[in-house]
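Undergrad:
Chains as they are written, first to last, in our numbering: chain D, -4 to 197; chain V, -4 to 197.
1. I want to verify the contact list: residues of chain V whose CB lies under 7 Å from the CB of residue 175/D, in sequence order.
2. Where does residue 102/V land, buried or exposed, given buried means 16+ other C-beta within 10 angstroms?
3. In or out: residue -1/V buried (at least 16 other Cβ within 10 Å) or exposed?
4. Tell me where the alpha helix (DSSP H) around residue 203/V begins and ends.
5. Residue 137/D: buried (16+ other C-beta within 10 angstroms of its C-beta) or exposed?
6. Reducing DSSP to helix, strand and coil, say where residue 32/D ends up.
7. How about residue 151/D: is its C-beta nearer than 9 Å to some C-beta of chain V?
8. From the DSSP output, in three-state form, read off residue 197/D for me.
9. Report yes or no: is there a C-beta of chain V within less than 9 Å of the C-beta of residue 172/D?
10. Near residue 15/D, what residues of its chain come up, given a Cβ to Cβ distance below 7 Å and the 5 sequence neighbours on each side ignored?
11. Threshold first: 4 residues or longer. Then list the alpha helix (DSSP H) segments lying entirely within the stretch 63 to 135 of chain V, N to C.
12. Assign residue 9/D to buried or exposed, taking buried as 16 or more other Cβ atoms, counted over all protein chains shown, within 10 Å of its Cβ.
13. Where do the ends of the alpha helix (DSSP H) carrying residue 1/D lie?
14. Kindly indicate which residue of 4/V, 24/V, 191/V and 61/V has the alpha-carbon position closest to the one of residue 111/D.
15. Between the stretch 133 to 150 of chain D and the stretch 174 to 182 of chain V, are three or more C-beta pairs nearer than 8 Å?
16. Would you say residue 180/V lies against chain D (beta-carbon separation less than 9 Å)?
17. Would you tell me roughly how many angstroms separate the C-alpha atoms of residue 90/D and residue 163/D, rounded to the nearest one?
18. Helix, strand or coil for residue 160/D? Go by DSSP, reduced to three states.
19. Within a Cβ cutoff of 7 Å, which residues of the same chain sit near residue 134/D, ignoring the five residues on either side of it in sequence?
20. From the DSSP output, in three-state form, read off residue 55/D for me.
21. Skipping 5 residues on each side, what residues in its chain have a beta carbon closer than 8 Å to that of residue 38/V?
22. Helix, strand or coil: how does DSSP classify residue 182/D here?
23. Helix or strand or just coil, what does DSSP make of residue 19/V?
24. For residue 83/D, which residues from the same chain have a beta carbon less than 7 Å from its beta carbon, with the 5 sequence-adjacent residues on both sides left out?
25. Counting only C-beta atoms, is residue 64/D closer than 9 Å to chain V at any point?
26. So, helix, strand or coil for residue 12/V, using DSSP?
27. Residue 173/V to residue 30/D, Cα distance in whole Å?
28. List the whole-angstrom C-beta distance separating residue 65/D from residue 79/D, where the pair is believed to meet the contact cut-off of C-beta under 8 Å.
29. Which whole-angstrom value is the C-beta distance of residue 85/D and residue 86/V, which I expect to be below 8 Å?
30. By Cβ distance below 6 Å, which residues in the same chain neighbour residue 121/V in space, the five residues on each side in sequence not counted?
31. To the nearest angstrom, how far is the alpha carbon of residue -3/V from that of residue 32/V?
32. Let me confirm a value: residue 76/D is counted as buried when at least 16 other C-beta atoms fall within 10 Å, else exposed. Which label applies?
33. Note down, in chain order, every chain A residue with its Cβ under 7 Å from the Cβ of residue 123/D.
34. For residue 92/V, which of 72/V, 118/V, 159/V and 132/V has the nearest alpha-carbon?
35. In whole angstroms, what is the alpha-carbon distance linking residue 47/V and residue 170/V?
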């Protein structure tokens, strides 16, 4: 199909599609003439994915390019690809000056989990714990235990569903980290509203 | 203290503090002379909160102003303040054309939760379910049940901790929605890395 049809089928303006092509978010179409390219179903799927990453997951164009790039060139062990995907996702957190994360370490030890300061999410956890303090809502051990137990059960389920096919496993690890997060956050917010509408309203 | 001391104590540049003052994120200091104002501990706390909302929660200056504004002028029932806080937090999702969210409705009915299309998080859930489809990772009933059960338990815990003092309850509802989300996401990512480092590495 022409770019105009790709645009009308996906609802993404032609100028935006051209921008994504320039930024490497979308592979080039097959050249038909010097000024015309042909696009297929894979472009339509990729556009839907890019819009989801930008609009719902909240990634920037640059972050989306990194995530999409991991799908296109997934080399090396799945574990390392997962680490690269997490590093590409917000929040962007600078490493600590000394490379240590004492509060995150204490939380992970309490939960019996691996502490590896090279994991980007360790720095994210440290900063998130700091932010809760800054908001006057420090996280105590009881909250750590409840959050850790239930989030751990969710992670167990996620890992139990990793596909056997290597390419599908990469897509699941990279995209599943990103696209299921907004679902979990929406469910928590709706859980609060559900409980509040039963007990706090009025 | 002078603005220069407030800056050095918080690490926030003077120009940024002046910007927050202009944008209403920080209350004005007490005027000492026509060109000098005095700042106190409450300004230091508020600056730490604003930085946490922007850097860790990922809010824009405009979104942070709405959240902070809810703390400053918390009128009406806690339930409605909670709803306004959720509306101010990302992802920003436009309401559907017909005001209905059939997929979110099916999920909430499956989980036995209130479905009220006026809740912003209902539109967020609908879009998040769409995004998972767009990524080729649609959410099946088993995933809904596991996520719903464990996120529901987290929401129960959160609600059980609402402070009795009305002003503290508002701060908890507004800020707890925002600042605990990055903690939960970091824990999930670390849960994946913990499981993966035990089983998938290599």
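From the three backbone atoms N, C-alpha and C, an ideal C-beta is built for every residue, glycine too.
As the structure is a prediction and not an experimental result, all values here were calculated from the model.
TA: Taking the coordinates as given:
1. 127
2. buried
3. exposed
4. Outside the modelled stretch of chain V, which goes from -4 to 197, sits residue 203/V, for which no answer is possible.
5. exposed
6. strand
7. yes
8. Confidence in residue 197/D is poor, its pLDDT being 46 and thus under 50, which makes the residue's placement too unreliable to answer from.
9. yes
10. 21 and 45
11. 73 to 83, 97 to 106 and 115 to 129
12. exposed
13. -2 to 5
14. 191/V
15. yes
16. yes
17. 31 Å
18. coil
19. 124 and 127
20. coil
21. 1, 21, 22 and 24
22. helix
23. coil
24. 58, 61 and 62
25. no
26. helix
27. 48 Å
28. 6 Å
29. The pair is not a contact, with the Cβ atoms about 12 Å apart (cut-off 8 Å).
30. 96, 98 and 99
31. 7 Å
32. buried
33. No chain A is part of this structure, whose protein chains are labelled D and V.
34. 118/V
35. 10 Å
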